[in-house]
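Colleague:
Protein chains: 6
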Amino acid sequence: MPVRLLTELSAPAIDAALGPDSVLVLPTGAIEQHGPHLPVATDLLIAQAMAERAVERFGDELDLWLLPPLAYTKSNEHAWSSGTFWLSAATLTAVLADLGRSVARTPARRLAFLNGHGGNSALLQVAARDIRLETGLRTFTLHPRLPADQGGTSPADELGMGVHGGFEETALMLHLRPDLVDMTRADRWVPEHLAAYRHVRFGGSVSFGWSSDDFGPAGVIGDARAATAEAGARRAEEAVTYLGEALAEVARFDPTPPSAA
Amino acid sequence: MPVRLLTELSAPAIDAALGPDSVLVLPTGAIEQHGPHLPVATDLLIAQAMAERAVERFGDELDLWLLPPLAYTKSNEHAWSSGTFWLSAATLTAVLADLGRSVARTPARRLAFLNGHGGNSALLQVAARDIRLETGLRTFTLHPRLPADQGGTSPADELGMGVHGGFEETALMLHLRPDLVDMTRADRWVPEHLAAYRHVRFGGSVSFGWSSDDFGPAGVIGDARAATAEAGARRAEEAVTYLGEALAEVARFDPTPPSAA
Amino acid sequence: MPVRLLTELSAPAIDAALGPDSVLVLPTGAIEQHGPHLPVATDLLIAQAMAERAVERFGDELDLWLLPPLAYTKSNEHAWSSGTFWLSAATLTAVLADLGRSVARTPARRLAFLNGHGGNSALLQVAARDIRLETGLRTFTLHPRLPADQGGTSPADELGMGVHGGFEETALMLHLRPDLVDMTRADRWVPEHLAAYRHVRFGGSVSFGWSSDDFGPAGVIGDARAATAEAGARRAEEAVTYLGEALAEVARFDPTPPSAA
Amino acid sequence: MPVRLLTELSAPAIDAALGPDSVLVLPTGAIEQHGPHLPVATDLLIAQAMAERAVERFGDELDLWLLPPLAYTKSNEHAWSSGTFWLSAATLTAVLADLGRSVARTPARRLAFLNGHGGNSALLQVAARDIRLETGLRTFTLHPRLPADQGGTSPADELGMGVHGGFEETALMLHLRPDLVDMTRADRWVPEHLAAYRHVRFGGSVSFGWSSDDFGPAGVIGDARAATAEAGARRAEEAVTYLGEALAEVARFDPTPPSAA
Amino acid sequence: MPVRLLTELSAPAIDAALGPDSVLVLPTGAIEQHGPHLPVATDLLIAQAMAERAVERFGDELDLWLLPPLAYTKSNEHAWSSGTFWLSAATLTAVLADLGRSVARTPARRLAFLNGHGGNSALLQVAARDIRLETGLRTFTLHPRLPADQGGTSPADELGMGVHGGFEETALMLHLRPDLVDMTRADRWVPEHLAAYRHVRFGGSVSFGWSSDDFGPAGVIGDARAATAEAGARRAEEAVTYLGEALAEVARFDPTPPSAA
Amino acid sequence: MPVRLLTELSAPAIDAALGPDSVLVLPTGAIEQHGPHLPVATDLLIAQAMAERAVERFGDELDLWLLPPLAYTKSNEHAWSSGTFWLSAATLTAVLADLGRSVARTPARRLAFLNGHGGNSALLQVAARDIRLETGLRTFTLHPRLPADQGGTSPADELGMGVHGGFEETALMLHLRPDLVDMTRADRWVPEHLAAYRHVRFGGSVSFGWSSDDFGPAGVIGDARAATAEAGARRAEEAVTYLGEALAEVARFDPTPPSAA
């Protein structure tokens with residue numbers, strides 16, 4: 004059971020527990036096809052597990068509080084597949100705006116989206132600004148590990164294209180929920196011909212609108228075959244360590260110049 | 004860990020597992036103030052627990068599949084209180100419409116909202132019709148136990164007004180999560196003067212728009228003092244039994260007259 | 004000509020006539036197919052007639068004021084048929100919200116929807132709450148007679164399914180506008196096979212999304228054959244008597260506990 | 004009782020009665036302050052009366068069918084006053100679009116807005132185009148008499164500014180509903196200083212955004228003092244004659260060049 | 004390069020330059036098919052050129068400031084043709100409302116739409132009112148020359164139907180950008196059969212919803228054959244003279260009666 | 004005058020000129036405060052100039068076509084300042100979606116946003132995906148030079164924080180429009196205390212919602228003092244060279260694996 008789950012408190016207890024530097028952490032997952040070897044909840048499970056571990060380890064020190072995750076988010080790049088449950092950009096934006104207003108009603112003044120799905124990253128940035136401007140909250144968008152299509156890295160073997168259902172996610176799932184992974188179905192689906200592009204690529208200087216079936220019928224972009232629970236455990240530990248550092252900055256971040264304060 | 008949680012399957016496995024008479028069960032909770040003795044997640048925890056038990060007991064027989072719950076729903080009648088996290092009617096309607104479209108992309112043709120929060124009931128009815136008309140899905144709205152403000156009953160002692168944080172919810176929470184209940188803060192907040200109204204009352208023939216602070220500053224409407232874990236266990240068992248019956252009808256419901264079929 | 008029709012007053016006269024306990028009564032009808040024997044305006048005509056009679060009889064005593072009705076409302080369960088003129092849920096919600104704001108600009112503080120169409124009931128409940136929260140108005144939803152699919156009753160002969168174009172509505176129309184009823188086209192369209200369901204039924208504990216052509220091509224659910232003008236007159240009189248009682252409560256309803264006032 | 008009121012027919016009768024050249028006539032009124040001498044329903048009453056008379060006189064010949072009026076429309080230029088009940092531009096646009104779709108479901112292919120409120124004119128033009136493009140209906144916007152702020156005329160004595168509550172509307176109301184007019188409160192409220200503007204004026208080449216309290220606190224723009232029932236009767240007769248001519252064109256209007264037909 | 008282009012100033016310079024009687028001039032063009040002889044930017048080029056000339060000639064005297072034009076506006080009557088780039092009514096309304104709010108943040112209190120596309124005229128009127136009511140700005144809608152479908156005139160030879168791509172627009176373009184006009188493709192496309200209608204016509208008392216392909220496949224309504232650069236130069240000069248007069252009124256327009264000021 | 008400006012063609016010429024591999028280039032600028040030394044149109048002028056040069060140099064080879072720019076975009080991080088003219092996220096998203104549909108009506112199948120304003124970048128990514136999914140167009144988002152808050156670089160002297168009105172933008176403007184730059188007002192506004200953050204920073208792994216006045220009253224983030232026209236010319240040339248490479252990839256980008264083609 005997660006610790007410091009804010010919603011296990013009563014309303015008066017929430018008022019007592021929170022202060023302006025408390026950080027509310029909202030995991031944003033996704034329910035979307037992840038190939039034949041991973042469950043559709045993969046992004047949700049990873050975001051939630053990383054958030055829970057980070058809050059468990061650093062929560063007391065940094066005054067972090069966990070919120071129930073958003074399971075259903077913006078996954079229309081997988082809408083072609085049964086098993087993808089998704090919200091439109093307008094709907095998810097409205098959900099985030101409503102939650103931002105709800106957070107602003109508490110004593111807390113910091114809200115961090117801890118995002119497990121690359122398809123949400125850009126929208127969360129837009130929402131983070133708009134919530135700040137509407138409510139005055141300080142807002143942040145983090146990833147347990149930056150997705151390869153958002154500027155992060157993936158193994159050389161995947162040519163930097165371990166974007167969806169590849170080594171990284173599969174390893175993490177083998178660590179977190181091996182019962183839900185079917186390695187007999189894991190395979191290599193790397194669109195190698197895209198390595199010829201220097202600018203138009205995942206995480207490149209030119210972003211492009213894509214649907215996951217643009218790259219073939221598998222719906223996976225990456226190579227899951229070498230994934231192991233041990234690699235997953237290492238990456239999970241790296242992610243939690245990183246989140247501790249990042250959330251420490253989130254908890255004290257203040258853009259106001261000292262002279263102007 | 005819940006059984007038959009659909010999102011633990013891979014996308015191809017979902018296509019294989021579901022057929023037109025499969026019932027997808029979406030618990031709809033709420034995160035909202037529940038007085039000083041109950042956590043703000045009360046409605047979510049009850050909806051989720053009842054849904055999990057019902058699916059566990061009847062899922063194989065009735066081909067039920069659990070979906071991750073909606074934690075944040077329409078709680079604006081508690082918006083005056085910190086600790087309430089809520090979506091507007093327009094936002095929640097959009098969420099449900101998007102999920103309806105996502106369900107329609109699977110082989111399943113039956114979607115049941117299992118609702119733990121009376122403030123959602125009317126909106127879910129509107130959404131259920133609109134999703135049916137847009138997607139052709141058969142849609143249903145159930146409650147583990149009909150809320151007193153939706154035509155259900157509450158103990159005589161509460162004068163039929165055990166609407167929010169009263170005996171019923173407190174007993175269920177003492178059964179499900181006693182660690183989150185503070186019975187030393189439980190009290191009686193029954194707006195007894197309302198018993199004089201015959202038509203304008205919770206569940207009466209005249210419904211009325213209300214905010215939970217219309218009835219006083221406590222934010223509770225009911226009397227939690229007599230609640231016990233034993234009473235909660237009994238009611239949970241009654242609820243699961245009822246859900247089994249109700250979901251059996253959901254699974255086979257067909258409005259088409261036999262002659263027209 | 005209806006009495007106490009607010010909109011026959013000039014703006015300054017409205018300011019003089021209304022006080023905080025005045026009740027503005029907004030009839031909400033529908034224009035939708037009602038089978039071959041009834042006009043598409045049936046719900047509008049009934050709502051309007053009952054509202055006019057109630058305001059005529061009780062208006063002076065209870066400070067009731069009639070508003071022009073909403074003829075076009077949410078009838079998408081009959082959208083399959085020519086002759087149905089309907090607003091989407093979003094549109095009708097916007098209309099009601101705009102009117103709520105307009106009412107809030109007057110001295111009156113009570114707004115009652117007098118609804119003649121079951122397909123509006125749930126949406127009106129949502130709107131009534133949202134208008135209260137946005138404007139501070141006290142808001143109410145009444146029915147001349149609770150529809151069978153909203154918890155009301157219908158003759159045993161209809162197996163509780165006199166939902167649309169059945170005995171009740173036909174009798175009322177024979178009383179109100181016999182020139183618009185064609186009893187030679189009246190028939191029995193009761194989906195008798197649904198009597199086997201205990202929970203999933205009109206007004207049952209499990210509501211379901213339906214379109215009126217789910218039950219066969221007639222678009223009627225009920226049995227109009229036994230309807231007479233005499234029965235309609237009796238029911239109209241019962242309805243007006245009931246509305247007098249209900250509106251008396253609406254006019255004085257105050258949720259604030261005496262101790263907190 | 005109006006004749007050829009479409010909604011008094013049953014759905015099958017509507018299908019039988021209408022053909023592609025039938026014209027559905029939707030009166031659009033307004034509920035808005037009209038000064039101290041006129042009821043807030045003035046625009047609704049005029050639009051409805053003129054529509055009823057035109058359909059009564061020309062309906063059989065031109066296959067015209069009356070629809071129940073829209074009472075509440077876009078009156079935000081009078082929103083500052085109690086007694087104005089208004090829809091936003093977005094709401095009214097949505098209402099019209101929904102009704103356009105409903106009309107398109109019938110056999111009729113012609114829809115005419117018969118508008119009694121100048122504040123609706125521009126919006127109706129936008130809606131008329133959008134409904135045509137979405138549904139293929141032929142759509143038209145008429146006025147019983149073109150308002151002075153929409154290119155029509157008003158008596159010289161009003162300097163062309165009989166825009167709201169002036170001679171014309173008062174005379175028509177003295178003819179139609181003298182019981183609702185209080186001539187002891189009629190007065191002259193003509194913003195005479197505006198006569199100095201040649202281009203920026205009501206119906207001028209430069210339109211301007213205005214609220215009716217821009218011109219002083221009365222909320223009237225015009226001079227009602229000389230209005231008489233006789234003048235109103237004459238104008239009503241002129242209006243009906245004009246509507247007959249205009250609707251005859253509406254009923255046969257076909258933009259397709261003969262060569263392309 | 005246009006003079007008095009507001010956006011060439013820095014933000015502090017804008018605050019210093021503008022006062023409450025400054026007029027911000029927003030040209031609204033269109034990108035839409037204009038037949039085979041004119042570029043799709045015709046309306047944009049005309050609106051922009053006329054606005055630039057008017058501001059150049061009268062800007063110092065009247066305190067006019069040019070804003071960058073809206074190129075893409077409401078052209079759905081030409082949506083059937085490739086080369087039309089258009090915004091929906093809802094989108095354009097939102098753009099104008101957002102810009103109105105932005106103008107209201109400056110010291111200026113007057114905003115004038117200088118519109119080159121008849122398809123925008125009605126929508127701009129709606130927006131002008133709504134912006135005034137929301138922000139308190141004085142708002143105006145002008146045309147370099149009133150379009151024939153908005154009450155303006157066109158040569159007798161065009162039977163008053165020089166609505167789109169006819170003599171007037173072609174002459175202006177021959178004057179402004181002869182390099183973009185192909186007179187070998189100019190032709191006569193006048194729907195002469197429409198001259199038989201007295202009320203239902205462009206700029207008539209009955210407006211009608213139309214798509215430009217209602218009148219045949221050419222997408223032009225008018226006769227461009229006689230257009231010359233000289234005629235265009237004359238009309239441009241007339242338009243600028245007119246705009247000077249009209250903007251002088253815009254700059255000093257005050258609806259408040261002197262007695263009430 | 005820009006070359007290959009698509010909107011200077013007639014509609015039939017557009018159909019003839021474009022093919023599926025044509026790339027439509029839409030510059031997206033901004034009108035927003037840029038400190039006391041730069042005009043509010045800075046982002047618009049840079050985006051437009053770079054787009055024009057790139058299309059001029061590479062247009063024939065790569066079949067590029069310029070569209071009129073969007074001047075007004077999402078600048079709410081500068082909404083606190085007069086001189087900022089901005090669209091909300093919802094409005095700009097609607098504009099882009101409408102334009103996407105308009106592009107899809109042409110023979111072209113590639114649409115590239117050439118963005119000069121970092122505040123648009125995330126929203127453009129969301130729109131690019133949604134347009135692709137709705138219309139099937141291939142969509143791309145480019146920057147003349149990646150903004151420092153979007154993963155680009157800025158001079159060491161600015162500590163990587165040359166985000167708004169700093170060295171880069173000022174140099175480019177000195178090159179493009181020196182008449183609009185006031186170097187006497189250029190200054191250093193680098194929030195140096197932010198260099199202490201490793202993750203929460205412009206372009207860092209944790210993005211944050213900010214308003215430009217979060218960093219002090221200047222509204223500038225960067226150091227413009229060392230900017231020169233020569234540096235600007237160099238950077239402009241680098242940008243055009245880069246855009247040529249990037250657009251060459253845009254013009255041929257095909258995600259489909261060769262085996263699946």
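Residue numbers (our numbering), protein chains in the order written: chain A, 4 to 264; chain B, 4 to 264; chain C, 4 to 264; chain D, 4 to 264; chain E, 4 to 264; chain F, 4 to 264. We treat Cβ as the ideally placed atom computed from N, Cα and C, and that holds for glycine.
My parser needs the beta strand (DSSP E) runs of 3 or more residues fully inside the segment 153-180 of chain A; what are they?
Modeller: Qualifying beta strand (DSSP E) stretches: none in this window.
Colleague: Spatial neighbours of LEU9/D within its chain, please: C-beta separation below 7 Å, excluding the five flanking residues on both sides.
Modeller: Result list for LEU9/D: ILE17, LEU27, TRP68, LEU69, LEU70, in chain order.
Colleague: Using only alpha-carbon positions, find the residue among SER91/A, PRO42/A, GLY169/A that is nearest to GLY235/A.
Modeller: Residue GLY169/A is the option with its Cα nearest to GLY235/A.
Colleague: So for LEU90/C, helix, strand or coil by DSSP?
Modeller: Coil at LEU90/C, not helix or strand.
Colleague: Less than 7 Å between the C-beta atoms of GLY247/F and PHE61/F, yes or no?
Modeller: In this structure, PHE61/F lies closer than 7 Å to GLY247/F by Cβ.
Colleague: Rounded to whole angstroms, what's the CA-CA distance from ALA199/D to PRO30/E? Just pull it up for me.
Modeller: Rounded to whole angstroms, ALA199/D to PRO30/E spans 26 Å at the Cα level.
Colleague: Give, in chain order, every residue of the segment 74-91 of chain D whose Cβ lies closer than 7 Å to some Cβ of chain C.
Modeller: Within the segment 74-91 of chain D, the qualifying residues are ALA74, TYR75, SER84, SER85, GLY86, THR87, PHE88, TRP89, LEU90, SER91.
Colleague: Enumerate in chain order the residues of its own chain whose CB-to-CB distance from ARG132/B is below 8 Å, with the five nearest sequence positions on each side excluded.
Modeller: Excluding sequence neighbours, ARG132/B sits near THR142.
Colleague: Measuring CB to CB, does SER215/B end up less than 7 Å from HIS40/B?
Modeller: Against a cut-off of 7 Å, the Cβ pair of HIS40/B and SER215/B comes out as no contact.
Colleague: When you check each C-beta in the segment 202-214 of chain D against every C-beta of chain E, which residues fall closer than 7 Å?
Modeller: Those residues of the segment 202-214 of chain D that come within reach of chain E (Cβ to Cβ, closer than 7 Å) are HIS202, VAL203, SER208, VAL209, SER210, PHE211, GLY212, TRP213, SER214.
Colleague: Of all the residues that make up the segment 8-40 of chain A, which are near chain B by a beta-carbon distance shorter than 9 Å?
Modeller: From the segment 8-40 of chain A, only LEU8, LEU9, THR10, GLU11, LEU12, SER13, ALA14, PRO15, ALA16, ILE17, ASP18, LEU21, GLY32, ILE34, GLU35, GLN36, HIS37, GLY38, PRO39, HIS40 have a Cβ closer than 9 Å to chain B.
Colleague: Under 6 Å Cβ to Cβ from LEU99/C, same chain only, skipping five residues before and after it: list those, please.
Modeller: If we look at LEU99/C and ignore the five residues flanking it on each side, its Cβ neighbours are ALA130.
Colleague: Does at least one heavy atom of the ligand GDP sit under 6 Å from the Cβ of ALA97/B?
Modeller: Ligands displayed in this structure: none; no statement on the ligand GDP is therefore possible.
Colleague: Using CA atoms only, rank isn't needed, just tell me which of GLY222/F, ASP101/F, ARG228/F is closest to PRO260/A.
Modeller: The shortest C-alpha separation from PRO260/A is found at GLY222/F.
Colleague: Would THR94/B pass as an interface residue toward chain A - the criterion being a Cβ-Cβ separation below 7 Å?
Modeller: Taking Cβ atoms only, chain A reaches closer than 7 Å to THR94/B, which makes this a yes.
Colleague: Identify whether PRO261/B lies in helix, strand or coil by the three-state DSSP scheme.
Modeller: In the structure shown, PRO261/B sits in a helix (DSSP, three-state: H, G or I).
Colleague: Are the beta-carbon atoms of LEU162/A and VAL203/A separated by less than 7 Å?
Modeller: Result no, Cβ atoms of LEU162/A and VAL203/A do not sit closer than 7 Å.
Colleague: What residue range is occupied by the uninterrupted alpha helix (DSSP H) comprising PRO72/C?
Modeller: Run containing PRO72/C: none; DSSP gives neither H nor E here.
Colleague: What are the residues of the segment 218-236 of chain B that lie near chain A, defined by any Cβ-Cβ distance shorter than 9 Å?
Modeller: Correct list: GLY222.
Colleague: For chain E, check one thing: does any of its Cβ atoms lie closer than 7 Å to the Cβ of LEU126/D?
Modeller: Interface residue, yes.
Colleague: Can you give me the Cβ contacts of GLY119/A inside the same chain, cut-off strictly under 6 Å, excluding the 5 residues immediately before and after it?
Modeller: So the list reads GLY32, ASP46, ILE49, ALA50, once near-sequence residues are dropped.
Colleague: Residues in the same chain with beta-carbon distance under 7 Å from ALA54/B, minus the five sequence neighbours each way, listed in chain order, please.
Modeller: Excluding positions up to five away in sequence, the list reads VAL28, PRO30, LEU69, LEU117.
Colleague: On a CA-only basis, which of LEU127/D, ALA230/D, GLY121/D, VAL253/D is nearest LEU102/D? Give me that one, please.
Modeller: The option with the nearest alpha carbon to LEU102/D is LEU127/D.
Colleague: Note down, in chain order, each residue of its chain lying with its Cβ closer than 8 Å to the Cβ of ALA249/D, except the 5 sequence neighbours on either side.
Modeller: Excluding sequence neighbours, ALA249/D sits near LEU145.
Colleague: Report yes or no: is there a C-beta of chain C within less than 7 Å of the C-beta of ASP101/D?
Modeller: By this cut-off, ASP101/D is an interface position.
Colleague: State buried or exposed for SER157/C, treating a residue as buried only when at least 16 other CB atoms are found within 10 Å of its CB.
Modeller: It is buried - the Cβ of SER157/C has at least 16 other Cβ atoms within 10 Å.
Colleague: Taking the alpha carbon of ALA111/F as the reference point, which residue from ILE134/F, ARG7/F, LEU140/F has its own alpha carbon closest?
Modeller: Closest by alpha carbon: LEU140/F.
Colleague: Excluding the 5 residues preceding and the 5 following LEU65/D in the sequence, name in chain order all residues of the same chain whose CB lies nearer than 7 Å to its CB.
Modeller: Closer than 7 Å at the Cβ level, and outside the excluded window around LEU65/D, lie VAL26, LEU250, ALA251, ALA254.
Colleague: Run the CB neighbour count on PRO23/C, radius 10 Å, all protein chains shown included, and call it buried at 16 or more, exposed below.
Modeller: PRO23/C is exposed by the Cβ-count criterion.
Colleague: Tell whether a beta-carbon distance below 7 Å holds between SER78/B and GLY38/B.
Modeller: Not closer than 7 Å, so no.
Colleague: What in chain D is Cβ-close to ALA131/E, meaning under 8 Å?
Modeller: Those within 8 Å of ALA131/E in chain D are SER210, PHE211, GLY212.
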